[in-house]
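Trainee: Sequence order for the protein chains is A and B. Number 460 in this note's numbering belongs to position 460 of the first sequence; there are no gaps in the numbering. Number 1063 in this note's numbering belongs to position 63 of the second sequence; there are no gaps in the numbering. All C-beta atoms, glycine included, are put in the ideal place defined by N, C-alpha and C.
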Amino acid sequence: MNAPAQPIHFFRARPLPARHAECDHGTPAVVSDEGVTLTIDGFEVSVPKGTSLMRAAIDAGIQVPKLCATDMLDPFGSCRLCLVEIEGRRGTPASCTTPAEAGLVVRTQSPKLQQLRRGVMELYLSDHPLDCLTCAANGDCELQDMAGVVGLRNVRYGVGDQVVAGRSGRHHLDSQKDESNPYFTYDASKCIVCNRCVRACEEVQGSFALTISGRGFESRVSPGMSEPFMQSECVSCGACVQACPTATLVEKSVIEAGQPEFSVVTTCAYCGVGCSFKAEMKGTQVVRMVPWKDGKANEGHSCIKGRFAWGYATHRDRITKPMIREKITDPWREVSWEEALAHAAGEFRRIQATHGRDSVGGITSSRCTNEETYLVQKLIRAAFGTNNVDTCARVCHSPTGYGLGQTFGTSAGTQTFKSVEQADVVMVIGANPSEGHPVFASRLKKRIRQGAKLIVIDPRRIELVDSPHVHADFHLQLKPGSNVAVITALAHVVVTEGLVDAAYVAERCDDASYQQWRAFVAKPENSPEALEAVSGVPAATVRGAARLYATGGKAGGNSAIYYGLGVTEHAQGSTMVIGIANLAMACGMVGREGVGVNPLRGQNNVQGSCDMGSFPHELPGYRHISDTTVRAQFEAAWGVTLNPEPGLRIPNMLDAALDGSFRGLYVQGEDPAQSDPNTQHVAAALSAMECVVVQDLFLNETAKYAHVFLPGSSFLEKDGTFTNAERRISRVRQVMPPLAGKADWEVTQALANALGYPMAYQHPEQIMAEIAALTPSFAGVSYEKIERLGSVQWPCNEGTDEAGTATMHIERFVRGKGRFFPTQYVASEEKVTRRFPLILTTGRVLSQYNVGAQTRRTENSRWHEEDRLEIHPHDAEERGVKHGDWVGIASRAGETVLRADVTERVQPGVVYTTFHFPESGANVITTDSSDWATNCPEYKVTAVQVSKVSQLSEWQQGYARFSRNQEGLLAQAQGQVQVQQGAQATEAVK
Amino acid sequence: MSAVTHSDPQTIVRLANRIGEFFAAYPCHDEAVEGVASHLRKFWEPRMRRQLYAHLDGAAQGEGLSELLRETALARRAELEPAAAPPTR
């Protein structure tokens, strides 16, 4: 019997099977203007003052044995292996804790040192199992390496429970293994108590979840109060696993698959931090993801999502065959790529012929690469011939684009993440980095532990407000919807108390707009006292925070602002972004290291998708479509005439669908049916369309309304680039073939060709070359350069450093003079009433990502298996609601039911939930209230009532039926093929 | 085809008025009008601008529109009102 022929796919650019061996320098790098020169093993070595002897030696290529030292952590000096001799000094100091000094003469090898080290290793191994050949760390075990290095041939005390001279020593070999964490195991029997895991948890991650319990021989690593990992405060970032020199903490994927054979450096596809990872591989199988120390966004750290939650890429729910159907009530039919693409193209052309060119459009993906996003907007503008293109940034950071564009001249964060190391005061507004941008949160907490001051502006008591060794100096716990009142009140204090950096404003900013703004914010009605009733924040707190921010906490201090969707997703989102920019300019806090205005981007490539011309009014590089010169360049390059009018935004497309003037939509890697507000409105709009084409990994919520399904590819299956919140462009590298045979950019290209608009790119590198040729801020970007430098930051062109621009607006703002705008507070339309007396605000959790399509298909759901409603004990008691009860949440838009989490994290009058599970229906409740400038939905403010209920809401019951039905229609398509294949097999047997 | 059949003119009125609320804070009235006009021109797709004028010219006579929006729409009609609906191909 012949097996059905499987297509064979080859990599376009197969990575070299070389392992990115990273050198461990033993102790962290030291930055100093002063250098010292010393002699190590007869070689003259020069290092920055303050560098350890260990690092000085390793930098010079001289290896020093070590176990407790690693360059991610401060030196500890406990393992006694890195001992050295220094001429003229007594004893054998640890090289990790001894600083290099000028003129020292150091020896790292001598018979005496060798003997001491061997003695230390004997003691270590006397309490360690000798199962090396079957141990998961075999091939990656520093203890084994050191045993080899010191020439250990015998353990005089016996190993583990061996009996020597009739005696057997105490040991830990029978310790119980903790396998509670789904991603790694803790085997205490292999622990050498080097403290690297405990220190990684403290110094790198900042969770302080691990400690060493017991003393002397009893010492063991202990999560929390000697709890299993899963019951402790551990957030599963994996820094401890990475730090462990033995198999004590090891990834379950390594236990299962064995050691990886090669690695490829790539970029994480989760949040906007854009961490760099080594995908450690065996053939086309990912064995583990290890954060890359040379990655500038994360410098060797990661969170639970990036390091562990990549299993979705090969999940059984992946759809790998194109499918079509006439109506959304029909079963899906698996078809060839050609048939699916021809059908989609035919439908779009038919709709345009009947209803006009502008009756179709598309949505680019902030999860896809720059090249893919560029290609989708190109297809829409050039092949569809309309500007009806938008991206999911519409519903997250579009106000950032508008606000920073108006004030500074371009839509981008001003700093690198590393810049926070220079900040003296950090103001976090409407962001919860511990959950949403965890690797940045770790950097921030480290800076706070070093003494920087912290101001948090958030309606909730987020983790940063009060966590181990991190406390907010000011928490402005405002009422949701009052951001603009608070930012204007802060500005009022700065102006009326003489805290403006007048020299900076005079030199850098537009004077007329400044005078206008100054007069506006100085009005008595904008004082903290006057706005206290609106914001709920005591005036004294506002005044204290304003003074701290304006002064940077000390003479010449640096204050930096980091903000998130709690700023943008409001009816006044753009006004708030402008207010933040006003404040930063007035205080002279833009244009150098340690200051700045930094949007924390939601999805991995939100920055990139905006840069790539995904907004309906802008061509790549934020240039308005009405600009004749710019348009002419694109028209010449693309060989078409472009429409000079702005196109529809996502909410406008949905409204127009209900009007009947918008009937066809191409959606790449987004899920508006789950992620966009007022779900019932979205569902009605999608249902009204004649052709919805969804390109995705899974049958997502939007695909349930689709007529054509084109299988997408994960970040592991394609080449390209992502741009993170620092404007850093990093490579995404293919490590496995696309499961469906085509990377996303190839699908878009094939669709363009089917539409009769030719595209013939052979590799995403050519797409980037086109972007660079057409976009001045990208002119210096190329794959060759990224390969050479690791990453580049736009603007990157002739006028910048080779690697682009780390800090923006250094001497002047992109627009020339920074411009101020008055920021009048206007109350949201979502007002509390007797019928809807509470305000619902929304957010996210660490373990889940956005609509959850990826993370829900991993073990991450063990941390968060359902969305819950946080409600203050006072509001809960009033409604007879107890922790864990089912509660109905009703708004003007709809009603859903969740379980209650009674907690003081929320203030009275405010409830909170997340939107990671479609059945939660968080967006059934959110309304179509939106930002005035960009129509970014007001997810953060919805007036609701909460009551105890005993059954799911009507919407949820309907959703469950609809969803079951749609899954059945999918199963029919897949079952149908199985039946066909079965028939073929029967034929073959005959 | 008919692109100007928005079932609910109140959506357009709401969106338009919200823009006005931002620019109304300008002390100079001309700047406020310019701000609103420029915003509508730069960010509103033609069919939305057509809906605005249809509401303004129709029986409702722009009911619900704020003074600033009504004034801007009328004063800047030449640049804001799109030509007739675009051709189908």
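1) What's the gap between the Cα of glycine 647 of chain A and the Cα of alanine 933 of chain A?
2) Taking the beta strand (DSSP E) that histidine 872 of chain A falls in, what are its first and last residues?
3) Which partner residues of phenylalanine 184 of chain A appear in the DSSP bridge assignment?
4) Give, in chain order, every unbroken run of the alpha helix (DSSP H) that is at least 4 residues long and sits entirely within the region 744-828 of chain A.
5) Over the uninterrupted beta strand (DSSP E) stretch that includes alanine 890 of chain A, give me the two end residues.
6) Where serine 714 of chain A and serine 336 of chain A are concerned, what is the direct C-alpha to C-alpha distance, given to the nearest angstrom?
7) Out of B/Leu1068, B/Arg1049, B/Pro1009 and B/Glu1081, state which residue places its alpha-carbon closest to the alpha-carbon of cysteine 1028 of chain B.
8) Could you have a look at glutamine 6 of chain A and say whether DSSP puts it in helix, strand or coil?
9) Check the C-beta distance from aspartate 71 of chain A over to glycine 26 of chain A and give it rounded, since I have them as a contact under 8 Å.
10) Would you list the one or two residues that DSSP bridges to aspartate 696 of chain A?
11) Helix, strand or coil: which one does DSSP assign to proline 1009 of chain B?
12) My understanding is that alanine 1010 of chain A touches asparagine 700 of chain A, with C-beta atoms under 8 Å, so please give their C-beta distance in whole angstroms.
13) What separation, rounded to the nearest whole angstrom, lies between the Cα atoms of serine 930 of chain A and histidine 570 of chain A?
14) To which residues of the same chain is leucine 789 of chain A closer than 8 Å at the C-beta, ignoring the five residues directly before and after it?
15) Quick check: what's the CA-CA separation for tyrosine 514 of chain A versus glutamate 497 of chain A?
16) Listed from N- to C-terminal order along the chain, which residues in the region 810-837 of chain A have their beta-carbon within a distance smaller than 9 Å of any beta-carbon of chain B?
17) Hey, could you find the ends of the alpha helix (DSSP H) glycine 148 of chain A is sitting in?
18) So, with DSSP's three-state summary, where would you put glutamate 299 of chain A?
19) Can a CB atom of chain C be found closer than 7 Å to the CB of leucine 648 of chain A?
20) Show which residues of chain B have a CB atom less than 8 Å away from the CB atom of asparagine 678 of chain A.
21) Verify the CB distance criterion: does phenylalanine 1083 of chain B have a CB-CB separation below 7 Å to chain A?
22) When DSSP labels each residue in this structure, what does isoleucine 86 of chain A get in the three-state scheme?
23) Can you list, in chain order, the stretches of the alpha helix (DSSP H) that have 4 or more residues and sit fully within the region 563-628 of chain A?
24) To the nearest angstrom, report how far apart proline 99 of chain A and arginine 55 of chain A are at their CA atoms.
25) Which residue wins for smallest C-alpha separation from arginine 835 of chain A, given the options A/Ser947, A/Arg727, A/Thr748 and A/Arg862?
26) Determine which residues of the region 612-640 of chain A have a Cβ less than 8 Å from any Cβ of chain B, and write them out in chain order.
27) Quick one: give me the first and last residue of the beta strand (DSSP E) that glycine 647 of chain A is part of.
28) Answer with yes or no whether the minimum CB distance from arginine 1018 of chain B to chain A is below 7 Å.
29) Once DSSP output is grouped into helix, strand and coil, what is the label at aspartate 358 of chain A?
30) Just to check my reading of the structure: leucine 600 of chain A and histidine 437 of chain A have Cβ atoms closer than 8 Å, yes? What is that Cβ distance to the nearest angstrom?
31) Glutamate 1079 of chain B versus chain A: which residues are under 7 Å apart at the beta carbon?
32) Using a Cβ-Cβ cut-off of 7 Å (strictly less than) and excluding sequence neighbours within five positions of threonine 211 of chain A, which residues of its own chain qualify?
33) So with Cβ pairs under 7 Å, would you call glutamate 299 of chain A a contact of chain B?
34) So, are the CB atoms of proline 1082 of chain B and arginine 1049 of chain B less than 7 Å apart?
35) Hey, would you say threonine 92 of chain A sits closer than 7 Å to glutamate 101 of chain A, going by beta carbons?
36) Using DSSP bridges, identify the partner residues of glutamate 895 of chain A.
Mentor: If we stick to the structure as given:
1) Numbered from its first residue, the first sequence carries residue 647 of chain A at position 647. Numbered from its first residue, the first sequence carries residue 933 of chain A at position 933. Cα to Cα, glycine 647 of chain A sits roughly 15 Å from alanine 933 of chain A.
2) For the purposes of this step, residue 872 of chain A is taken as the residue at position 872 of the first sequence. Taken as a continuous stretch (DSSP letters only), histidine 872 of chain A belongs to no beta strand (DSSP E), as it is neither H nor E.
3) In the first sequence, the residue the question calls residue 184 of chain A occupies position 184. Bridge partners of phenylalanine 184 of chain A according to DSSP: A/Glu251.
4) Restricted to the region 744-828 of chain A, the alpha helix (DSSP H) segments that are unbroken, complete and at least 4 residues in length are 744-754, 764-774 and 783-789, listed in chain order.
5) What you label residue 890 of chain A is simply residue 890 of the first sequence in a count that begins at 1. First-last of the beta strand (DSSP E) with alanine 890 of chain A: 886-891.
6) As a first step, residue 714 of chain A is located in the first sequence; it is residue number 714 there, counting from the start. As a first step, residue 336 of chain A is located in the first sequence; it is residue number 336 there, counting from the start. Cα-Cα distance, rounded: 20 Å.
7) On the second sequence, position 28 is the one that residue 1028 of chain B refers to. Closest by alpha carbon: B/Leu1068.
8) For the purposes of this step, residue 6 of chain A is taken as the residue at position 6 of the first sequence. Confidence in glutamine 6 of chain A is poor, its pLDDT being 41 and thus under 50, which makes the residue's placement unreliable; the coordinate value appears in the next sentence. Correct three-state label for glutamine 6 of chain A: coil.
9) Position 71 of the first sequence, counted from the first residue, corresponds to residue 71 of chain A. Position 26 of the first sequence, counted from the first residue, corresponds to residue 26 of chain A. Their Cβ separation, rounded to whole angstroms, is 6 Å, which keeps aspartate 71 of chain A and glycine 26 of chain A in contact under 8 Å.
10) As a first step, residue 696 of chain A is located in the first sequence; it is residue number 696 there, counting from the start. According to DSSP, which records beta bridges pairwise, aspartate 696 of chain A is partnered with A/Pro711.
11) The sequence position of residue 1009 of chain B within the second sequence is 9, counting from 1. Of the three classes helix, strand and coil, the one that applies to proline 1009 of chain B here is helix, per DSSP.
12) Shown here, chain A extends from 1 to 990; a query on residue 1010 of chain A therefore has no answer.
13) To locate residue 930 of chain A, count along the first sequence from 1; it is residue 930. To locate residue 570 of chain A, count along the first sequence from 1; it is residue 570. C-alpha separation (whole angstroms): 6 Å.
14) For this step, residue 789 of chain A is matched to residue 789 along the first sequence. Excluding positions up to five away in sequence, the list reads Glu802 and Ala803.
15) For this step, residue 514 of chain A is matched to residue 514 along the first sequence. For this step, residue 497 of chain A is matched to residue 497 along the first sequence. Near 16 Å, if we compare the C-alpha coordinates of glutamate 497 of chain A and tyrosine 514 of chain A.
16) The region 810-837 of chain A vs chain B, Cβ under 9 Å: Phe821, Pro822, Thr823, Gln824, Val826 and Glu829.
17) Counting from one through the first sequence, the residue named residue 148 of chain A turns up at place 148. Segment 142-149, the alpha helix (DSSP H) holding glycine 148 of chain A.
18) Here residue 299 of chain A corresponds to residue number 299 of the first sequence, with the count starting at 1. Reduced to three states, the DSSP call for glutamate 299 of chain A is coil.
19) In the structure shown, chain C cannot be found, because the protein chains are A and B.
20) If you number the first sequence from 1, residue 678 of chain A lands on position 678. Here the premise fails: no neighbours, minimum Cβ distance about 12 Å.
21) The residue labelled residue 1083 of chain B in the question sits at position 83 within the second sequence. It should be noted that the sequence gives alanine, not phenylalanine, for residue 1083 of chain B. Closer than 7 Å: no.
22) Along the first sequence, read from residue 1 onward, the residue named residue 86 of chain A stands at position 86. Three-state result, isoleucine 86 of chain A: strand.
23) 565-568, 573-586 and 606-611
24) Within the first sequence, the letter at position 99 stands for residue 99 of chain A. Within the first sequence, the letter at position 55 stands for residue 55 of chain A. C-alpha of proline 99 of chain A to C-alpha of arginine 55 of chain A: approximately 9 Å in a straight line.
25) Locating residue 835 of chain A in the first sequence gives position 835, counting from the first residue. Selected option, being the one with the closest Cα: A/Ser947.
26) Pro616, His617, His624 and Ser626
27) Against the first sequence, residue 647 of chain A aligns to sequence position 647. First-last for glycine 647 of chain A: undefined, no H or E at that position.
28) For the purposes of this step, residue 1018 of chain B is taken as the residue at position 18 of the second sequence. Yes, contact with chain A.
29) By one-based count along the first sequence, residue 358 of chain A stands at place 358. Helix.
30) Translated into positions along the first sequence, residue 600 of chain A becomes position 600. Translated into positions along the first sequence, residue 437 of chain A becomes position 437. Going by Cβ atoms, the distance from leucine 600 of chain A to histidine 437 of chain A rounds to 5 Å, so yes, they are a contact pair.
31) Within the second sequence, the letter at position 79 stands for residue 1079 of chain B. Within 7 Å Cβ-Cβ: nothing; glutamate 1079 of chain B doesn't reach chain A, min ~11 Å.
32) In the first sequence, the residue the question calls residue 211 of chain A occupies position 211. Contacts found: Val198 and Ser222.
33) Looking up residue 299 of chain A in the first sequence gives position 299. Chain B, which has no Cβ nearer than 7 Å to the Cβ of glutamate 299 of chain A, makes this no.
34) Residue numbering aside, residue 1082 of chain B sits at position 82 when the second sequence is read from its first letter. Residue numbering aside, residue 1049 of chain B sits at position 49 when the second sequence is read from its first letter. Contact: yes.
35) As a working note, residue 92 of chain A is residue 92 in the first sequence. As a working note, residue 101 of chain A is residue 101 in the first sequence. Against a cut-off of 7 Å, the Cβ pair of glutamate 101 of chain A and threonine 92 of chain A comes out as no contact.
36) As a working note, residue 895 of chain A is residue 895 in the first sequence. A/Ala890.
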